[in-house]
Amino acid sequence: MHTLGSKPRCDSPTTNQLIYPATTEEESLEFTSCDIHLSVIVLLCQSRSNFNFESHFNEKTKPCSLKWVYWFYFENDEFYLKTVGADVTTIKNNMDSLKSDDINLGNRIGETESRVSQLEDANANLTEVTTELKNKVAQFEARVQYHENSSRRNNLRIKGVPENAERGKSVTEYVMDMLRSSFPNNKEANQIIIERGRRIPTVIKENRGGSSSGPQNHILVRFLYFSVREKVRDRARDLGAFTWNGSKVEIFPDFSKDVQAKEMKSQRSDVCAGQREPLHAVPSGNTPTRKRHFPSKRQAGGPSISQ
Numbered sequence: 001m002h003t004l005g006s007k008p009r010c011d012s013p014t015t016n017q018l019i020y021p022a023t024t025e026e027e028s029l030e031f032t033s034c035d036i037h038l039s040v041i042v043l044l045c046q047s048r049s050n051f052n053f054e055s056h057f058n059e060k061t062k063p064c065s066l067k068w069v070y071w072f073y074f075e076n077d078e079f080y081l082k083t084v085g086a087d088v089t090t091i092k093n094n095m096d097s098l099k100s101d102d103i104n105l106g107n108r109i110g111e112t113e114s115r116v117s118q119l120e121d122a123n124a125n126l127t128e129v130t131t132e133l134k135n136k137v138a139q140f141e142a143r144v145q146y147h148e149n150s151s152r153r154n155n156l157r158i159k160g161v162p163e164n165a166e167r168g169k170s171v172t173e174y175v176m177d178m179l180r181s182s183f184p185n186n187k188e189a190n191q192i193i194i195e196r197g198r199r200i201p202t203v204i205k206e207n208r209g210g211s212s213s214g215p216q217n218h219i220l221v222r223f224l225y226f227s228v229r230e231k232v233r234d235r236a237r238d239l240g241a242f243t244w245n246g247s248k249v250e251i252f253p254d255f256s257k258d259v260q261a262k263e264m265k266s267q268r269s270d271v272c273a274g275q276r277e278p279l280h281a282v283p284s285g286n287t288p289t290r291k292r293h294f295p296s297k298r299q300a301g302g303p304s305i306s307q
C-alpha cells in the first residue's frame with residue numbers, strides 16, 4: 001500500500017483529468033454502471049473532505065474501475081494529509097482541553113481537601129469544648145441540687161391532713177398542735193418551734209369548694225432549728241402512719257425532685273431484691289396506708305393521737 005509522503009504510482013490517474021489510463025485491468029474491473037463508482041466514492045470520502053465530486057464527473061471523465069477509487073482514498077497524499085492533519089489538530093485541541101480541565105479539577109480537589117481538613121480540626125475543637133461544657137453543666141447541676149437540698153434541710157412534708165381542717169386556725173398553729181401532741185414528753189413537745197407552714201399543691205382540682213373529700217394538698221413545714229426537725233422526723237419514723245382527728249397522717253422529708261426520683265428508684269430495686277416490703281393496704285378505717293421500713297415499730301392499725 002502506498003504510504004504517506006511517497007509519490008503516486010505512474011499508473012495513477014492525474015489530479016487534473018481524473019482519468020485512469022486504459023490497461024488490461026480496466027476491462028476486468030469495469031462496472032456496468034458508472035453511478036455505482038460515484039456512490040462508492042461519495043460514501044468513502046464524504047466525511048473526510050469538502051471535495052465536490054459531482055462537479056468533476058461528466059460523460060468524458062467517468063471512472064472505469066475500482067482501482068481509481070482505491071487510489072483516490074488511499075494513495076492521494078495531499079487529500080489524506082489534509083484530512084488526517086485536521087483530525088490530528090482537533091484531537092490535539094481536545095487533549096489540551098482535557099489536560100486543562102484535569103488541572104483545574106486537581107486544583108479544586110486540593111482546595112476541597114484543605115477545607116475538609118480545616119473543618120475536621122474545627123470539629124475536633126468543638127468536640128473538646130462541648131465535652132468541657134457538659135462537664136461544667138453537670139457540676140453546676142450538682143451544685144444547684146446540693147444547695148436546693150440544703151435549703152430544704154429544715155423542711156418536712158405532712159400528708160393526709162384534710163383541707164379546711166384548721167377550723168379558724170392558721171396552718172402553722174394547727175401543725176404545731178398536731179406535732180406536739182405526738183410527743184409523750186411535754187418538755188420535748190414544747191421544744192417544737194415552727195417557722196412557718198403552708199399547703200403546697202400536689203393535685204390540681206377543678207372544684208375544691210372547701211370539701212375535705214378527695215386527695216389533699218401536702219403541708220410543707222419549715223422548722224426554726226434543724227435539731228428539732230430531726231426529732232420530729234425520728235418520732236415520725238417510730239409512729240409510721242398515725243391517725244389524727246380521724247385522718248391518716250404521714251410525715252416524710254422534703255427533698256428535690258431528683259433526689260425523690262433516686263429514692264423511688266432505690267426503693268423499687270430494694271423491693272425487687274427482697275430487702276424492702278412493697279406498698280400495700282392496711283385496714284385502718286378503710287384507709288390505705290404504707291407499711292414503713294421499720295416493721296418492728298409499726299403497730300397493725302397505726303397509733304391514734306388525740307388532742
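Under the numbering used here, the first residue of the sequence shown is numbered 1, with each subsequent residue one higher. For glycine and all other residues, C-beta sits at the position ideal for the given N, C-alpha and C.
Item to check | According to DSSP, residues forming a beta bridge with R157 | outcome: Position 157 of the sequence shown holds residue 157. DSSP output for R157 lists L220 and F252 as bridge partner(s).
Checklist entry - Could you check where the alpha helix (DSSP H) with F226 kicks off and where it finishes? => result Your numbering for residue 226 matches position 226 in the sequence shown. First-last of the alpha helix (DSSP H) with F226: F226 to L239.
Checklist entry - Among I158, E128 and M95, which residue has its Cα nearest to the Cα of R237? => result Locating residue 237 in the sequence shown gives position 237, counting from the first residue. The residue with the shortest Cα to Cα distance from R237 is I158.
Checklist entry - With distances taken from CA atoms, which of F226, H218 and V171 is nearest I192? => result On the sequence shown, residue 192 is found 192 positions in, with the first residue counted as 1. That would be F226, whose Cα lies nearest to the Cα of I192.
Next on the checklist: Using 8 Å for Cβ pairs, my map puts W244 next to M176. What's the rounded Cβ distance?
Outcome noted: To locate residue 244, count along the sequence shown from 1; it is residue 244. To locate residue 176, count along the sequence shown from 1; it is residue 176. Contact between W244 and M176 does not hold, since their C-beta atoms are separated by about 13 Å, which reaches or exceeds 8 Å.
Item to check | From R233, S170, F242 and D102, residue whose alpha carbon lies closest to that of G160 | outcome: Counting from 1 along the sequence shown, the entry for residue 160 is found at position 160. Ranking the options by Cα distance to G160, first place goes to F242.
Next on the checklist: Tell me which residue opens and which closes the alpha helix (DSSP H) that E188 is part of.
Outcome noted: Here residue 188 refers to the residue found at position 188 when the sequence shown is read from its first residue. Where E188 is concerned, the enclosing alpha helix (DSSP H) stretches over N186 to N190.
Next on the checklist: Looking only at its chain, what residues have a beta carbon closer than 7 Å to the beta carbon of V116, apart from the 5 residues adjacent to it on each side?
Outcome noted: Position 116 of the sequence shown, counted from the start, is the residue given in the question as residue 116. For V116, where only same-chain residues beyond five positions count, there are no Cβ hits under 7 Å.
Checklist entry - If we count the other Cβ atoms within 10 Å of its Cβ and call it buried at 16 or more, is F140 buried or exposed? => result As a working note, residue 140 is residue 140 in the sequence shown. In summary, F140 is exposed, with fewer than 16 beta-carbon neighbours lying within 10 Å of its beta-carbon over all protein chains present.
Checklist entry - How many Å lie between D254 and E263 at the Cα? => result Counted from its first residue, the sequence shown places residue 254 at position 254. Counted from its first residue, the sequence shown places residue 263 at position 263. Answer to the nearest angstrom: the Cα atoms are 12 Å apart.
Next on the checklist: For M95 and E111, I'd like the C-alpha separation in whole angstroms.
Outcome noted: The residue given as residue 95 occupies position 95 in the sequence shown. The residue given as residue 111 occupies position 111 in the sequence shown. The straight-line gap from Cα to Cα measures roughly 24 Å.
Next on the checklist: Pop quiz: E163 and N217 are said to be a contact at Cβ under 8 Å. What is the actual Cβ separation, rounded to whole angstroms?
Outcome noted: Looking up residue 163 in the sequence shown gives position 163. Looking up residue 217 in the sequence shown gives position 217. Right, the Cβ-Cβ distance comes to about 7 Å (below 8 Å), so this counts as a contact.
Item to check | Cβ neighbour criterion (16 or more within 10 Å) applied to L156 | outcome: Numbered from its first residue, the sequence shown carries residue 156 at position 156. With 16 or more neighbouring CB atoms inside 10 Å of its own CB, L156 falls in the buried class.
Checklist entry - Can you name the start and end residues of the alpha helix (DSSP H) that E173 belongs to? => result The count along the sequence shown starts at 1 and reaches residue 173 at position 173. Unbroken alpha helix (DSSP H) run through E173: V171 to S181.
Checklist entry - Measuring CB to CB, does R222 end up less than 7 Å from R196? => result Position 222 of the sequence shown holds residue 222. Position 196 of the sequence shown holds residue 196. A contact, by the Cβ cut-off of 7 Å.
Checklist entry - Is S256 near Q118, with beta carbons less than 7 Å apart? => result Your numbering for residue 256 matches position 256 in the sequence shown. Your numbering for residue 118 matches position 118 in the sequence shown. No, they are not a contact pair.
Next on the checklist: Let me confirm a value: K248 is counted as buried when at least 16 other C-beta atoms fall within 10 Å, else exposed. Which label applies?
Outcome noted: In the sequence shown, the residue the question calls residue 248 occupies position 248. Result: buried.
Next on the checklist: Quick check on E250: buried or exposed, where buried means 16 or more other Cβ atoms within 10 Å of its Cβ?
Outcome noted: On the sequence shown, residue 250 is found 250 positions in, with the first residue counted as 1. So E250 counts as buried.
Next on the checklist: Tell me the DSSP secondary structure of G168 in three-state form.
Outcome noted: By 1-based counting over the sequence shown, the position of residue 168 is 168. The answer is coil: DSSP assigns G168 none of H, G, I, E or B.
Checklist entry - Once you ignore the five residues that flank V259 on each side, which residues in its own chain have a CB closer than 8 Å to its CB? => result Here residue 259 refers to the residue found at position 259 when the sequence shown is read from its first residue. Answer for V259: Q145 and N149, listed in chain order.
Checklist entry - Hey, N154 and R229 are a contact pair by Cβ (cut 8 Å); roughly how many whole angstroms apart? => result Position 154 of the sequence shown, counted from the start, is the residue given in the question as residue 154. Position 229 of the sequence shown, counted from the start, is the residue given in the question as residue 229. Right, the Cβ-Cβ distance comes to about 5 Å (below 8 Å), so this counts as a contact.
Item to check | Continuous beta strand (DSSP E) stretch holding I193: start and end | outcome: Position 193 of the sequence shown, counting from 1, holds the residue named residue 193. Counting along the chain, I193 falls outside any beta strand (DSSP E), and DSSP gives it neither H nor E.
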